[in-house]
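Asker:
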Amino acid sequence: MYLTICIPTRNRQRYCIEAIKAIAESDETDFEVIVADNSDDASILGDYFRTEVNDSRFRLLPPTDTVMPMVDNWERTIPEVRGRWISMIGDDDHMDPSVLQVIRRYEREQPELEVVAWGRMNYNWPDNRTITTLAAVPMGHATHVPDKKIVRDQLYRWSQREKRPIGGLGIYHGAVRRSLMERIKRKYSNRYFENPTVDFDNICKAVHEAKAMVFCQRPFSVLGACAASNSASTQSFEAMQKLVDEFYRELGSHERIEDEDFPFSPRLPGLAIITSIASATWWFCRKYGVDNEGFQENFAHSAVHECLSSRTVEEYRIKVEGFRQGFAAFEGGKWSSHFNPPAEFFPSTAQNELCGVHKNTMYIRESGLEKVTTPAEFYHFAEAFVMPVRHLVSARQAFAA
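Structure follows, in structure tokens:
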């Protein structure tokens with residue numbers, strides 16, 4: 037078995053079933069799908085697998101007696117994996133199994149390859165469009181071998197000073213070799229995953245340990261956002277707070293999202309995503325002695341960018357106040373002077389209104405996609421204007437540094 041796609045899921049069976057049906061349409065045979073169900077009602081997916089799934093490529097891990105924290109649901113999938121490479125996606129996402137053809141090509145050219153990343157499309161389900169929304173399709177097809185020093189600086193130090201550090205070079209909407217996951221378990225607390233911000237937990241470890249990494253610009257998966265997803269919370273403070281409260285209730289006995297020496301809580305209104313990612317990278321560097329010099333100042337600049345992405349003046353005010361509280365308590369207020377958001381803020385009147393191509397990504401107004409109702413349908417729609425897989429696999433293209 038070459039590739040295992042894992043789909044952890046909890047109480048979003050309708051979306052998960054759509055993900056299963058879409059992947060099952062693939063003609064590829066050298067892959068499997070493991071669905072790790074952590075739902076309150078085991079019968080929905082259980083009955084679906086029993087009556088509708090007649091495909092040996094698919095397996096179901098039923099719920100346990102008690103609800104697991106998300107990190108534990110991810111953890112239990114890896115021992116079940118048969119594939120040489122492992123990917124994780126959300127239950128409201130889509131992934132094209134034909135990516136295994138590209139991974140094979142890369143592995144022939146770089147035998148020590150252990151992490152493969154690719155472009156990801158973005159799509160909001162029809163039930164998650166409370167504001168004007170745009171779907172996104174990366175248009176590139178080049179292959180890059182990332183410079184590990186630069187990637188580490190961008191991840192651990194936040195050297196780009198953007199809203200998010202570099203992502204993608206991990207198991208979530210990427211692929212990690214099984215042998216690397218076993219090394220990670222041996223080195224890091226005898227677990228595959230530790231931090232509740234599971235995707236960045238893995239990115240931090242994979243980037244630190246991988247012998248070789250490759251990034252393909254061509255998209256092979258879709259980051260879907262349904263009404264119940266974490267990413268949907270970016271459209272509403274109320275939705276974000278509800279999801280954060282639920283997440284904390286299910287944490288169990290594992291690592292806290294925030295450390296005592298990093299007082300930026302995801303509970304701060306509107307700041308759940310940036311603070312949970314920052315907490316994960318800070319936690320990893322502190323726990324395992326990874327140099328992240330410069331992070332504090334860079335994070336202050338990233339925080340300003342997060343505030344400037346606000347949709348309203350009130351949202352901006354709330355975010356600024358939350359960050360000010362955090363920086364005042366962070367290392368004795370030492371970095372407060374580097375957090376300098378403008379005194380006046382004028383939100384963009386054209387946010388998510390303009391579609392077209394910008395920085396090699398095509399943005400499409402989702403209100404015009406009446407016949408596209410799932411991430412898989414959007415992927416197949418978008419395939420019309422990205423490079424076909426067969427051309428990418430057969431290309432005699434040199435790696436770009």
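Start counting at 1 in the sequence shown, then tack on 36, and there's your number in this note's numbering. Glycine is no exception: its CB is placed at the ideal position from the N, C-alpha and C atoms. In this text, all values refer to a predicted model and were calculated from it rather than measured experimentally.
The beta strand (DSSP E) that contains Glu68, what's its start and end?
Answerer: Taking the first residue of the sequence shown as position 1, residue 68 is located at position 32. Note, Glu68: beta strand (DSSP E), 67-73.
Asker: When DSSP labels each residue in this structure, what does Leu390 get in the three-state scheme?
Answerer: If you number the sequence shown from 1, residue 390 lands on position 354. In this structure, Leu390 counts as coil in the three-state DSSP scheme.
Asker: If you drop the 5 nearest sequence neighbours on each side, which residues of the same chain put their C-beta closer than 8 Å to that of Arg227?
Answerer: Locating residue 227 in the sequence shown gives position 191, counting from the first residue. Cβ within range, chain order: Glu111, Lys221.
Asker: With the cut-off set at 8 Å, would you say Glu54 and Thr317 are in Cβ contact?
Answerer: Residue 54 sits at position 18 when you count from the first residue of the sequence shown. Residue 317 sits at position 281 when you count from the first residue of the sequence shown. No, they are not a contact pair.
Asker: In terms of residue numbering, what span does the alpha helix (DSSP H) encompassing Ser14 cover?
Answerer: Only positions 37 to 437 of the chain appear in the structure, and residue 14 is not among them; the question remains open.
Asker: In chain order, what residues of the same chain have a beta carbon less than 7 Å from the beta carbon of Ser372, not counting five sequence neighbours either side?
Answerer: Here residue 372 refers to the residue found at position 336 of the sequence shown. So the list reads Phe363, Ala364, once near-sequence residues are dropped.
Asker: So what does DSSP say about Arg120, is it helix, strand or coil?
Answerer: To locate residue 120, count along the sequence shown from 1; it is residue 84. Here Arg120 sits in coil by DSSP.
Asker: Can at least three beta-carbon pairs, one atom from the region 160-178 and one from the region 250-259, be found at a separation below 8 Å?
Answerer: These segments touch.
Asker: If the criterion is Cβ atoms closer than 8 Å, does the pair Ala211 and Val117 meet it?
Answerer: What you label residue 211 is simply residue 175 of the sequence shown in a count that begins at 1. What you label residue 117 is simply residue 81 of the sequence shown in a count that begins at 1. The answer is no: Cβ separation not under 8 Å.
Asker: So, for Asn396: in the same chain, excluding its five sequence neighbours on each side, which residues have a beta-carbon less than 7 Å away from its beta-carbon?
Answerer: Stepping through the sequence shown from its first residue, residue 396 is reached at position 360. Excluding sequence neighbours, Asn396 sits near Pro174, Met175, Gly176.
Asker: What does a CB cutoff of less than 8 Å around Phe67 pick up in its chain, not counting 5 residues either side in sequence?
Answerer: Indexing the sequence shown from 1 puts residue 67 at position 31. So the qualifying residues of the chain are Met37, Tyr38, Leu39, Thr40, Ile41, Arg93, Gly119, Pro133, Leu136.
Asker: Taking the CB atoms as reference points, tell me whether Ala72 and Thr100 lie closer together than 8 Å.
Answerer: As a working note, residue 72 is residue 36 in the sequence shown. As a working note, residue 100 is residue 64 in the sequence shown. For Ala72 and Thr100, no; Cβs fall outside 8 Å.
Asker: When burial is assigned at 16 or more other CB atoms within 10 Å of the CB, is Lys407 buried or exposed?
Answerer: Position 371 of the sequence shown, counting from 1, holds the residue named residue 407. Lys407 is exposed by the Cβ-count criterion.
Asker: On the premise that Arg156 lies in contact with His209, defined as a C-beta separation below 8 Å, what is that separation, rounded to the nearest angstrom?
Answerer: Residue 209 sits at position 173 when you count from the first residue of the sequence shown. Residue 156 sits at position 120 when you count from the first residue of the sequence shown. With a Cβ gap of about 5 Å, His209 and Arg156 count as contacting.
Asker: Report the CB separation of Glu150 from Arg48 in whole angstroms; it is logged as a contact under 8 Å.
Answerer: Here the question's residue 150 lines up with position 114 in the sequence shown. Here the question's residue 48 lines up with position 12 in the sequence shown. Wrong, their Cβ atoms sit about 31 Å apart, outside the cutoff.
Asker: Quick check on DSSP: helix, strand or coil for Ala436?
Answerer: By 1-based counting over the sequence shown, the position of residue 436 is 400. Here Ala436 scores only 44 on pLDDT, less than 50, and its place in the model should not be relied on; the value that follows carries that caveat. Three-state DSSP puts Ala436 in a strand.
Asker: Go through the region 152-200 residue by residue and report every complete run of the beta strand (DSSP E) that reaches 3 residues or more, in order.
Answerer: Runs found: 170-174.
Asker: Reducing DSSP to helix, strand and coil, say where His374 ends up.
Answerer: Translated into positions along the sequence shown, residue 374 becomes position 338. Three-state DSSP puts His374 in a helix.
Asker: Exposed or buried, which one is Glu402 when buried takes at least 16 other CB atoms within 10 Å?
Answerer: Taking the sequence shown and counting its residues from 1, the one referred to as residue 402 is at position 366. Buried is the call here.
Asker: Tell me, which residues are paired with Met131 by DSSP?
Answerer: Position 95 of the sequence shown, counting from 1, holds the residue named residue 131. Answer is Ser257.
Asker: On the DSSP bridge list, what partners appear for Pro147?
Answerer: As a first step, residue 147 must be located in the sequence shown, where it is residue number 111. None; Pro147 has no bridge partner.
Asker: Based on Cα-Cα distance, which residue from Lys184, Ser225, Ile310 lies nearest to Ala248?
Answerer: On the sequence shown, residue 248 is found 212 positions in, with the first residue counted as 1. Minimum Cα distance to Ala248 is reached at Lys184.
Asker: Leaving out five residues on either side along the sequence, give the residues of the same chain with a beta carbon under 6 Å from the beta carbon of Tyr159.
Answerer: On the sequence shown, position 123 is the one that residue 159 refers to. These residues qualify, in order along the chain: Ala171, Val258, Gly260, Pro411, Phe414.
Asker: Evaluate Pro115 with the Cβ neighbour count: other Cβ atoms within 10 Å of its Cβ, from every protein chain shown; 16 or more gives buried, anything less gives exposed.
Answerer: Within the sequence shown, numbered from 1, the residue matching residue 115 stands at position 79. Flag for Pro115 reads exposed.
Asker: Can you give me the C-alpha to C-alpha distance between Pro305 and Phe335, rounded to a whole angstrom?
Answerer: Start at 1 with the first residue of the sequence shown, and residue 305 comes out as number 269. Start at 1 with the first residue of the sequence shown, and residue 335 comes out as number 299. The alpha-carbon atoms of Pro305 and Phe335 are separated by roughly 18 Å.
Asker: Can you tell me where the alpha helix (DSSP H) with Pro411 in it begins and where it stops?
Answerer: The sequence position of residue 411 within the sequence shown is 375, counting from 1. Its alpha helix (DSSP H) spans residues 411-418.
Asker: May I have the straight-line CA-CA distance separating Val107 from Ser345, to the nearest angstrom?
Answerer: Position 71 of the sequence shown holds residue 107. Position 309 of the sequence shown holds residue 345. Whole-angstrom Cα-Cα distance: 29 Å.
Asker: Applying the criterion that 16 or more other CB atoms from any shown protein chain within 10 Å of the CB defines a buried residue, is Val250 buried or exposed?
Answerer: As a working note, residue 250 is residue 214 in the sequence shown. Buried, by the Cβ-count rule.
Asker: According to DSSP, Thr102 sits in a beta bridge with which residue or residues?
Answerer: To locate residue 102, count along the sequence shown from 1; it is residue 66. Beta-bridge pairing links Thr102 to no other residue.
Asker: Report, in whole angstroms, the separation of the C-beta atoms of Cys391 and Phe320, which I expect to be a contact under 8 Å.
Answerer: Here residue 391 corresponds to residue number 355 of the sequence shown, with the count starting at 1. Here residue 320 corresponds to residue number 284 of the sequence shown, with the count starting at 1. Cys391 to Phe320, Cβ: 37 Å. No contact.
Asker: Buried or exposed: where does Asp127 fall if 16 or more other Cβ atoms within 10 Å of its Cβ makes it buried?
Answerer: On the sequence shown, position 91 is the one that residue 127 refers to. When all chains shown are included, Asp127 counts as buried.
Asker: First and last residue of the alpha helix (DSSP H) that includes Thr233?
Answerer: Numbered from its first residue, the sequence shown carries residue 233 at position 197. Looking at the DSSP string, Thr233 is not in any alpha helix (DSSP H), and its letter there is neither H nor E.
Asker: Work out the CA separation of Pro378 and Val138 for me, nearest whole Å.
Answerer: Reading the sequence shown from its first residue, position 102 is the one you call residue 138. Reading the sequence shown from its first residue, position 342 is the one you call residue 378. Taking the straight line joining both Cα atoms gives about 45 Å.
Asker: Run the CB neighbour count on Val234, radius 10 Å, all protein chains shown included, and call it buried at 16 or more, exposed below.
Answerer: Your numbering for residue 234 matches position 198 in the sequence shown. By the 10 Å Cβ count, Val234 comes out buried.
Asker: In the DSSP assignment, find the unbroken beta strand (DSSP E) run with Arg95 in it and report its ends.
Answerer: As a working note, residue 95 is residue 59 in the sequence shown. Start and end: 94-97.
Asker: Kindly identify the DSSP beta-bridge partner or partners of Phe251.
Answerer: Residue mapping note: residue 251 aligns to position 215 of the sequence shown, counting from 1. Looking at the DSSP assignment, Phe251 forms a beta bridge with Ala153, His180.
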